[in-house]
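Note sheet for the following structure.
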Amino acid sequence: MALSSVRIKNILSFNDCIVTDFSDFNCIIGKNNVGKSNFLKVLQFFYAHLNNESVIPLPLNSNYSSIGTISISYDTTRLEEVVKSRKNKSIYQKHIYSSLFKDDSFNLVSSRIIRKNFTLTLTVNRNGSVSWSDKDKNVRKIINRIYPLFFVDTRRIDLYDWDKLWSTVSRLKFINARALNTEQIIDFFDEKVSNNSNSYKEYVKIISELTNASPYNYQDLVLNYIKVGLSGHKFNIDGFELTTQSDGTNSHKFIELFISLIITLTRREFITPIVYIDEPELGLHPKLNEKLIFNIHNLYKSLKKHTDKKELGKYATPYPTVLMTTHSPNILKSVIKLFRGHNEHNIYHFSLNSDKKTNVSLLNTNFKDKRFLNIFSDNEARLYFSDFILFVEGETELELFGNMSLIDKFDYLNKIDVYKTNEVILRSINPKASKSPTPYLNIYDADKMINYDFTEKSFIIKQKEVNLFEILKRYKYTCFISQNYAIKKSLENIVNLNESKFLINKKGTEFSKFPYLNFIRFCNGVLLKTDRIYIAPSTIEETLLCSQSRKIAIKWLINQTKDLVEGDLMIDGRGDVNKKLDGFRRSFKKENIDHVYGRIFTSKEYKGELSPENKEFIKIVLILNLKKLLKQFYQKNIDLSRTDQVTILRLALDGKTHTLCSQKSKSYELAINDDIRNAVESIKEQCLKKLPIQLGKTGGWVTSFLNFAISEIENSSKDEQEFKRVFALTFPHLHDILKTISDSID
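Set out below in structure tokens:
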């Protein structure tokens, strides 16, 4: 590769920024206006002055300093191997050695030292003047010749005139032009085409006498000699003229050909270019993006030497340094998956710090876990472009945080990416592992950290997804004067609870004396600092169905029950249904609700039309039945409280108790008493199963309940401030998560 590092001080959006560790193929990502384009401007400015071009000065970042600097370090290993070898060298190679490595110490006994790097610095003064760290103009010419910068601004490609490619081709080959005598060349052509008549020679002579022309520069001379050996010079695509192709096709083929020529033509040269492609995805279909990277990688792989032995058509020559800015997840995905060998790719994330200065992070995207690489897709690549990532366990969380009513009220949720993950993926993709500056949060159910053994009456700190013991090991040598000492002590206090004996209540749903919710709150205070983890009180369902939201949950059930009348009713039977309902309606008494409910509702759906009176009657029966179900929590002979209502509803919807027991738990019948289990069964059979939702985590109840709750709170709030206050009181656990997200987003 050509580049070793680029350091930019006090220019444009850069304060003091070092970009280093370049690989063969490098992607630059980041939001708009964070410095990606400025990086290209800096490189172009540097090379314009290498070429003695007159350009507009770049503004300094801060006027407190009168100068800015651009320092580029080049990898000269390959160049030194050529020009410092004892083999016969060309005149130009000797010129390189005497100019670029003039300070080398050398004797006939020892070998010459290989420096491996050469750094050149351009200083930019406040008044627009510039100066070089090396005053020798030959040095700058050599750098510009050996390490040229080629760039493609996709927005400004002339899609129907590719002559720029010929200029590129001419700069990638050394030809000893001095050895080419013009008279000899004229004589050669005259002999081949004039049949001893000297017509060609005379023709050239006449033109030369009648015209005045400046001599060819070196690049034009090289290009003319190259074109003579080709069958033509007009570019086409698969035999079709460029004007007949779409803009997207032309752009794709131009970029592919541009990079392919540079890679291929430098395999046997010591010219090592820097290639900068700005947003190649513009105008391309996503699959064409992938095809572009796929084709380039195939060429790259076909020319790469993997052993010390000679391989036909493969070379150990360093590849050009390709820099590609992109906003495309499928380009990023393709680069990461295909260029997966050592030093084959790097990803640089550009962002702005709190002072609005450009910050560059080298991401860890060389994944060792092949399982992850196999499943790495656009979905995972998209996370590298996120403002905030919310990692969740399941579909319920996706439904919750993707709820449009919630997003309408908390609009910063539009900026987040909610990603369902597992431990294999999370170990590789979370920003802490990838060294990305993207803020994030992991949400786990409590059973990923703790468990309760009902047989042993033992509280277990688990060592799985949320491993507090492993986290504590990271703080093993933290001493008391460290700011992390409090974290260490907190973790020790938590893990010391492992295998503690805690009694539970008679119902099996709560701990008798252990302050469970305070414990979860304490753990979250620590885990947010150490690993950006938030533990739900029991499961994610409790962020919606908690003691504080009990009343609004009951209102929702009643509202859903009323709506049943407008849906499909299971009230079919023999005879005239309306006539039958008229009879029940005339003789109906509240105390007979069980009998009437059982007689009206059947297992068959009614397809007919109910009279208005019977519709209203059905609504009354449904609501009275629901209220009777809820009243069982207040009966003196049953030991159930109002707080048990939410626990029972949560269990019925596949949530868990604070003892982390669910209907699906093996210990459910052993641990949870009859009153709770009977109540769960009753509310499922007589209420929930009749609602226009399905039971379970993905049955739609989350959307239904949250939409209702937000609407209910909004209607009773006089302004947005009151809405936020009431929402926080009603859903305290969900509010904690939302606040954590909000505090992390700019």
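For the sequence shown, full-length UniProt numbering assigns the number 746 to the last residue and increments by one with no breaks. C-beta atoms are modelled at their ideal positions from N, C-alpha and C, and glycine is treated no differently. Note that the coordinates shown come from a computational prediction; the quantities given were computed from them, not determined experimentally.
Could you tell me which uninterrupted alpha helix (DSSP H) segments, each at least 4 residues in length, are contained entirely in the segment 688 to 735, listed from first to last along the chain? 701 to 716, 720 to 730
For the alpha helix (DSSP H) that I67 lies in, which residues bound it at each end? Numbered from 1 along the sequence shown, position 67 holds the residue referred to as residue 67. Premise fails: I67 lies in the beta strand (DSSP E), 67 to 75, not in any alpha helix (DSSP H).
From the DSSP output, in three-state form, read off K523 for me. By one-based count along the sequence shown, residue 523 stands at place 523. The sequence given here has Cys at residue 523, not Lys. Helix at C523.
Per-residue DSSP class, three states only, for T321: As a position in the sequence shown, residue 321 is number 321, starting the count at 1. Note: T321 maps to strand in three-state DSSP.
Taking the CB atoms as reference points, tell me whether V42 and I70 lie closer together than 8 angstroms. Along the sequence shown, one-based indexing puts residue 42 at 42. Along the sequence shown, one-based indexing puts residue 70 at 70. Cβ atoms of V42 and I70: closer than 8 angstroms.
Figure out for me which residue from M324, Y300, K310 has the closest Cα to the Cα of P318. Here residue 318 corresponds to residue number 318 of the sequence shown, with the count starting at 1. Residue Y300 is the option with its Cα nearest to P318.
Per DSSP, which residues does F376 bridge with? Please list them. Within the sequence shown, the letter at position 376 stands for residue 376. For F376, which the question treats as bridged, DSSP gives no partner whatsoever.
Complete runs of the beta strand (DSSP E) confined to the segment 418 to 456 [at least 3 residues]: 440 to 444, 450 to 453
Nearest to N26 by CA position, among G128, K579, I72, T365, is which residue? Translated into the one-based positions of the sequence shown, residue 26 becomes position 26. That would be T365, whose Cα lies nearest to the Cα of N26.
Is there contact between the segment 640 to 655 and the segment 573 to 588, where contact requires at least three CB pairs shorter than 8 angstroms? no
Please report how far the alpha carbon of I389 lies from the alpha carbon of R677, in whole angstroms. The residue you call residue 389 lines up with position 389 of the sequence shown. The residue you call residue 677 lines up with position 677 of the sequence shown. Going by the C-alpha atoms only, they are around 38 angstroms apart.
Quick one: Cα of V322 to Cα of K333, how far? Counting from 1 along the sequence shown, the entry for residue 322 is found at position 322. Counting from 1 along the sequence shown, the entry for residue 333 is found at position 333. Each residue's Cα considered, the two are about 16 angstroms apart.
Where N330 falls, given that 16 or more other Cβ within 10 Å makes a residue buried: As a position in the sequence shown, residue 330 is number 330, starting the count at 1. The residue in question, N330, is buried, as its Cβ has 16 or more Cβ neighbours within 10 Å.
In this structure, does DSSP put V34 in helix, strand or coil? What you label residue 34 is simply residue 34 of the sequence shown in a count that begins at 1. Three-state result, V34: coil.
Where R436 falls, given that 16 or more other Cβ within 10 Å makes a residue buried: Here the question's residue 436 lines up with position 436 in the sequence shown. In the sequence on display, residue 436 carries Ser and not Arg. Classification for S436: buried.
In or out: K337 buried (at least 16 other Cβ within 10 Å) or exposed? Residue numbering aside, residue 337 sits at position 337 when the sequence shown is read from its first letter. Buried, since its Cβ has 16 or more Cβ neighbours within 10 Å.
Does the segment 506 to 513 touch the segment 655 to 674, meaning 3 or more C-beta pairs lie closer than 8 angstroms? yes
From the DSSP output, in three-state form, read off Y64 for me. By one-based count along the sequence shown, residue 64 stands at place 64. The answer is coil: DSSP assigns Y64 none of H, G, I, E or B.
Once you ignore the five residues that flank R382 on each side, which residues in its own chain have a CB closer than 8 angstroms to its CB? Position 382 of the sequence shown, counting from 1, holds the residue named residue 382. P329, D417.
L58 versus N32 - alpha carbon distance: Translated into the one-based positions of the sequence shown, residue 58 becomes position 58. Translated into the one-based positions of the sequence shown, residue 32 becomes position 32. Spanning the two alpha carbons is a distance of roughly 20 angstroms.
Touching or not, the segment 392 to 405 and the segment 337 to 348, by the rule of three or more beta carbon pairs under 8 angstroms? no
In angstroms with no decimal places, state the Cα-to-Cα distance between C661 and K501. What you label residue 661 is simply residue 661 of the sequence shown in a count that begins at 1. What you label residue 501 is simply residue 501 of the sequence shown in a count that begins at 1. Straight-line Cα distance between these residues: approximately 17 angstroms.
Taking the CB atoms as reference points, tell me whether L517 and E492 lie closer together than 8 angstroms. Here residue 517 corresponds to residue number 517 of the sequence shown, with the count starting at 1. Here residue 492 corresponds to residue number 492 of the sequence shown, with the count starting at 1. Not a contact, by the Cβ cut-off of 8 angstroms.
Count the C-beta pairs between the segment 366 to 381 and the segment 397 to 404 that are closer than 8 angstroms, then say yes if the count reaches three, no if not. no
Would N117 be called buried (16 or more neighbouring beta carbons within 10 Å of its own) or exposed? Position 117 of the sequence shown holds residue 117. Under this definition N117 is an exposed residue.
Which listed residue (F459, L691, F731) has its alpha carbon closest to that of S512: For the purposes of this step, residue 512 is taken as residue 512 along the sequence shown, with counting starting at 1. Of the listed residues, the one whose Cα sits closest to S512 is F459.
Cutoff 8 angstroms; reference V109; Cβ partners in own chain excluding five residues on either side: To locate residue 109, count along the sequence shown from 1; it is residue 109. Caution applies to V109, whose pLDDT of 40 falls short of 50 and renders its modelled position unreliable; the model cannot decide the point.
Closer than 7 angstroms by C-beta to I648: which residues in its own chain qualify, once you throw out the five before and the five after it? Chain order, please. On the sequence shown, residue 648 is found 648 positions in, with the first residue counted as 1. Cβ within range, chain order: I676, A679, V680, I683.
Under the DSSP definition of a beta bridge, which residues are partnered with K462? By one-based count along the sequence shown, residue 462 stands at place 462. DSSP lists no partner for K462.
Roughly how many angstroms lie between the CA atoms of F106 and S73, to the nearest whole one? The residue you call residue 106 lines up with position 106 of the sequence shown. The residue you call residue 73 lines up with position 73 of the sequence shown. Its pLDDT being 49, under 50, F106 is placed unreliably in this model, and the value from its coordinates should be taken loosely. C-alpha separation (whole angstroms): 23 angstroms.
Can you find at least 3 beta carbon pairs, one from the segment 250 to 259 and one from the segment 280 to 294, that sit closer than 8 angstroms? yes
For T154, which residues in the same chain have their Cβ closer than 7 angstroms to its Cβ, ignoring the five residues on either side in sequence? If you number the sequence shown from 1, residue 154 lands on position 154. Counting only Cβ-Cβ distances below 7 angstroms, and skipping sequence neighbours, we find S251, D278, E279, P280, L282.
For residue 752, count neighbouring C-beta atoms within 10 Å of its own C-beta (all shown protein chains included) and say buried if the count is 16 or more, exposed if not. The requested residue 752 does not occur in the structure, where the chain is confined to residues 1 to 746.
Drop a sphere of 10 angstroms on the beta-carbon of H733, count the other beta-carbons inside from all chains shown, and report buried for 16 or more, exposed for fewer. If you number the sequence shown from 1, residue 733 lands on position 733. The residue is buried, with at least 16 neighbouring Cβ atoms inside 10 Å.
With which residues is C546 paired in a DSSP beta bridge? In the sequence shown, residue 546 corresponds to position 546, counting from 1. C546 pairs with nothing; no bridge assigned.
Looking only at C-alpha atoms, which of V646, I620, K287, F723 sits nearest to D378? For the purposes of this step, residue 378 is taken as the residue at position 378 of the sequence shown. Of V646, I620, K287, F723, the residue nearest in Cα terms is K287.
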